[in-house]
Every structure is written in structure tokens, then in C-alpha cells.
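**Q** Can you keep this structure in mind? I'll have questions shortly.
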Amino acid sequence: MTDADRPAGHEPQSADFVITGTVVTVDPDRRVYADGAVAVRGSQIAAVGPRAEIEAAYEPRRRLGGPRDLVIPGLIDTHNHMAQALVRSLALEDLPNITRVYIPAEDVLGDDGIRTSARVTMTNLLRAGVTTTTDTTCTPEHEEAVGETALETGIRCALAVGDRDRTSRLASNYEQIEGRSAYRDDPGVRADNIAHLEDFLTRWSAQGRGMVRPYIHAASVPSISDQMFLAAQDMAERHDTAVMTHINRDREEIELCVSLFGRRPFEHLSHIGALGPRFLAIHAMLTTAREIRLLAEAGAKLTHAPVVCTDIVSAVTDIVGMRAAGVTVGLGCDTVINDILAVMRIAFFMQAQAAGIPMYDPIGFTTEDAFDMATIDGARALLWDGAIGSLEVGKAADITVIDGENPRLSPRHNPVGSIVRYATGTDVRSVLVDGRLVVDDGRVLTVDEESLLDEADEVASRVRADLVGRRYWPINQRYKVID
Ligand SMILES: [Zn+2]
């Protein structure tokens, strides 16, 4: 630009970055600037709009993007498990993989192992354009490791912690002729859990520096007492955070809940007063229309991890019904595929297949719905939409740039539809989190990726050696790996 083009008396302001391309803002009007730009100063977005205006107003230290690139809000992963990355490929076809693979693996990781596992997951996510992730396995032994690794890699993280204070036992179908399912609560564990959470929520609100935000993990209805659910709601209110619960995942869980309380899981939580706007349900595949109403009336949120619907052999969550009832739904990678662009596509095809695509019916599931779920609705689900989820002035500069010099994404009549249907994590070129350039030209700047892979192999073989003895199903069936 020459001085002659500039309106007289308006010197350009300095900026750290100006990022150009097709800008998908996800603002309340869902504006998309075909030839747009975003200016970043410090940790915030200073301006968004047509490229000519932004370039006239700002002189950046660095320019990113290009005429064919797509500039979108940093993507938001509302459900993941940092402890599971190194064993996820062992969990294929070994069911039930939560109890046979994931839980035992967490126990053998140790502090170094969890740091490696978190580093691998976070690197994987950042490279794929995810700027906010969530850890929902985190035990008190792992919380420092996961929180510190997030600060080190530069990804934003919702860090959820909590202990289980209820043991439940499901009587088998035959036992139920005579006996009953049963549960036992442990008030000592509950008191310790509450004391720990009060400390954790206070401590990480400060040391997370706005990048790591503390949440409560109330694992599941069979493993958490009614009193703990209520205490969690109260703490969430006081510490401005949310409670995350895995719910309505499989037949055993529903049957246990019905045999203990005569109510399904959401009905039980509603009955004891534990559903509210600070409740984030995880999964909810086996949810009835009545339960969807209860969620909507309470203002509770949902995170949907579509891959897990098949990975644990359950049903397809009724996202169309949830959204139609007014439930806010975010998307989650849940470890299995740490590429939320792929997860958006899976969610879109899965819902479209399950519900059909009702043409011109506002209640359906479109690529735009999938995109909202990975951006602004994910931010709302985590109660973080004041800062992230869209490209708007004053919001944190969490920005993903997708390489548009790419035959897969050309031509592009519908930018959002093209991203959801065709883009993959490897198309991501640059990522800013909180104004910091974390991915440049497809490489994560905060991690030495080569030594990370060696480190990951070492921890993975230790964990694998511990797990292989427990398997009743061979890792490879017809395909033989020759070492
Ligand atoms: Zn999970």
C-alpha cells in the first residue's frame, strides 16, 4: 500500500499480526469476509473486516495467511483424555476398552508418562488447528502434570478433576430374581474430594493465567454420590466453572440406575436437583426424548464425541433432537481421533445419516451446525464464550489458518461447507493461541517434535508391556506385524 491510498490523517496503528484470507468470523451475524483480514495486538483481536480496511489501518510485525487461505476461530475440543493417547491404538476392538485398556494404562503412566501423553495429545491437536482442549481423566495425581504441559505447549485447556465416592454393583439379569443391584457411598472420600476441589479450583484459577481453567469432573452417575453432585454444583457456582459427567453411555449404566433408583440417569440427576446451566453432559448416546427435555429445561450443556458412539458400540447421540430442544452442544475428539476437522465431518455424516437431511427444514443437521459445534457452541458448553469461539474484536486471538493452496479445498463456493466436508488437520498452516504463534507452517513451535516421538515410543512400549498380558483378544487378527 502506498501513502497515497491512505486516508489523510490516519496513520496505521501497529499490530502483531495481520492475517488475511477468507475470514469465517462465527460472530452473531455469521459474517464471512471472502477477502478479509484479522488484526491481532497482544493477546486480543483488534479488528476484523474487509482486507482493504484492515490493511489500511494496521501495520503488522508479521503477516500470515494468503488470498486462498481460510481464517477461522481456533477450534474447540470439549472432551478429551490426556492420559489415553499412547494406548488408544490398543483399544481398538478390545471391549470394554475403558476398563480393559484406558483405566489400567492411566495407572502405569506415572508423572513422566502423563506429561509425555499430554504433550503428544496437545501437539497433535495444535497441529490440527485446535486451540482449546479439555482433560476429563485427570486425577489429582495428574493435575499438575497436565496443567503445566498445557502452559508449556501453549494450548488452552479446560482441566477437570475429581474423585469417585460411590461404588455401585449391577446385579445380573438372573440375580435380580432374588437379589438387587446395590451402591455404597464413602463420606470420607467425599470430604477429601471436596476439600481437594476447593483448593484445586482456587489454585488453578490463578496459576492457569486464563489459559488453563479448572473444572469439576463428577465421573458418572454410578460412581458419584447424590451429595457429591450437589456439592459439585455449589462449587461450580462459587468458582464460576462447570461440572462434567460421562452419562447415558451404555446399557449397564442405564440398567444400574433404573434398578437402583427407578429412574434413568438424567431423570435421577434432575430429581436430586443436580442439573443446571453449569452441568456439561458427556456423550448421552442413550437419551430419551423426556431426558432431552430435562436437559433443555435445566439449561445443561452437552459434549458430543461422535467417534466414541461406535468405539464403545453404543447408539448415535440424537444431536438433532438436542439442538432442536435448545441444548447447547459442543464437539469432542475424545482421544480416538485428535483432529476436530475430521470429527466435524464424522458428526455431520453421522447425524445426516441418522436423521436424514430434511431439505429446507430448519430442524436438521448441516455443515454449518457442525462448524458451530466446534467453535462458538463448544465455547458456550465450556462457559468460555466471553473469550473464545469466534473472531470478534476484544476476544482472545485464538485463530486457525487453513492452507487454501490446496486442490482438496478448491474451488470453494461455500467456505464452511468445504471446511467441514473436505479439510483435514494436515491442512492447518498456522495457529495462534492468545495472540501467540504456536504453529507456523504446519510445525508446532513450542515442542521439539522429533524428540517427543522418541519419548512417546519409550513410554508407549512400557505401557503396552503392562497391558498386553491382560488381553483376551489379539492386537492384530489377520494382519501380522513383523518387528
Ligand atoms: Zn471421556
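Using our numbering, read the sequence shown as starting at 50 and increasing by one per residue. Backbone N, C-alpha and C fix where the C-beta goes; we use that ideal spot for every residue, glycine too. Quantities reported herein were computed from a predicted structural model and do not represent experimental measurements.
#1: Taking any heavy atom of ligand 3 as the mark, which residues have a C-beta closer than 6 Å to it, listed down the chain?
#2: With a 10 Å radius around its C-beta and 16 neighbouring C-beta atoms as the bar for buried, classify I152 as buried or exposed.
#3: Taking the continuous alpha helix (DSSP H) assigned at E316, which residues delimit it?
#4: What is the DSSP secondary structure of P464, counted as helix, strand or coil?
#5: Give every residue of the same chain whose Cβ lies closer than 7 Å to the Cβ of R312, excluding the five residues on either side of it in the sequence, and list them in chain order.
#6: Using the beta-carbon count (16 or more within 10 Å), is K529 buried or exposed?
#7: Assuming C382 is part of the alpha helix (DSSP H), what are its boundary residues?
#8: Give a yes or no on whether the C-beta atoms belonging to N129 and T182 are separated by under 7 Å.
#9: Taking only the alpha-carbon atoms, compute the straight-line gap between L139 and F66 and give it to the nearest angstrom.
#10: Confirm, please, whether the CB-CB distance from V195 to A167 is below 7 Å.
#11: Using a threshold of 7 Å, state whether the C-beta atoms of A436 and S92 are closer than that.
#12: Whole beta strand (DSSP E) runs in the region 233-320 with 3 or more residues, listed along the chain?
#13: Out of L324, T148, T172 and M293, point me to the one whose CA is closest to G474's CA.
#14: Please report how far the alpha carbon of W433 lies from the alpha carbon of T290, in whole angstroms.
#15: With a cut-off of 8 Å on the beta carbons, I'd call A88 and A95 a contact; round off their distance for me.
#16: On a Cα-Cα basis, can you pick out the residue from V376, Y264 and T186 that is closest to W21?
#17: For A96, which beta-bridge partners are listed by DSSP?
#18: Would you decide whether L113 is buried or exposed? Buried here means 16 or more other CB atoms lie within 10 Å of its CB.
#19: The beta strand (DSSP E) with F66 in it runs from where to where?
#20: Output the residue ranges of the alpha helix (DSSP H) runs that lie fully inside the region 143-176 and measure 4 residues or longer, sorted by chain position.
#21: Assess contact between the region 337-344 and the region 352-360, defined as three or more Cβ pairs (one per stretch) separated by less than 8 Å. Is contact present?
#22: By a C-beta neighbour count over all protein chains shown, 10 Å radius and 16 as the cutoff for buried, is Y223 buried or exposed?
#23: In angstroms, rounded to a whole number, what distance separates the CA positions of A209 and T186?
#24: Mind reading off the beta-carbon distance from F414 to I368? Whole number of angstroms is fine, and I expect it under 8 Å.
#25: Please check the pair V482 and I296, which I expect to be a contact at CB under 8 Å, by giving their CB distance rounded to whole angstroms.
#26: Please work out which residues of its chain come closer than 7 Å, Cβ to Cβ, to D52, disregarding the five sequence neighbours upstream and downstream, and give them in chain order.
#27: Would you decide whether T216 is buried or exposed? Buried here means 16 or more other CB atoms lie within 10 Å of its CB.
#28: Indicate the three-state DSSP secondary structure (helix, strand or coil) for Y82 in the structure shown.
#29: If I'm right that L335 touches V376 with Cβ under 8 Å, what's the distance once you round it to whole angstroms?
#30: Straight-line CA distance for A285 to V292?
#31: Please name the residue in R80, T294, V97 and T69 whose C-alpha comes closest to that of G443.
#32: So, with DSSP's three-state summary, where would you put G438?
#33: For my contact list, T416 and R470 are in at a C-beta cut-off of 8 Å; report their separation, rounded to the angstrom.
#34: Identify the residues that DSSP records as bridge partners of V210: which are they?
#35: For Y516, does the three-state DSSP call read helix, strand or coil?
**A** This is what the structure gives:
#1: This structure lacks ligand 3; the ligands present are ligand 1.
#2: exposed
#3: P314 to I321
#4: helix
#5: C306 and H320
#6: exposed
#7: No alpha helix (DSSP H) holds C382; DSSP gives it neither H nor E.
#8: yes
#9: 42 Å
#10: yes
#11: no
#12: 261-269 and 292-296
#13: T172
#14: 9 Å
#15: 4 Å
#16: Lying before the first or after the last residue shown, residue 21 is absent from the chain, which here runs from 50 to 532.
#17: A88
#18: buried
#19: Q62 to V73
#20: 152-176
#21: no
#22: exposed
#23: 7 Å
#24: 6 Å
#25: At roughly 30 Å, the Cβ-Cβ gap does not stay under 8 Å, so V482 and I296 are not in contact.
#26: Residue confidence for D52 is low, a pLDDT of 46 falling below 50, so the modelled location carries little weight; the figure read from the coordinates is stated next. None.
#27: exposed
#28: strand
#29: Incorrect: roughly 16 Å between the Cβ atoms, too far for contact.
#30: 7 Å
#31: V97
#32: coil
#33: 6 Å
#34: I265
#35: At residue 516 the sequence reads Leu, which differs from the Tyr that was named. L516 falls in the helix class under three-state DSSP.
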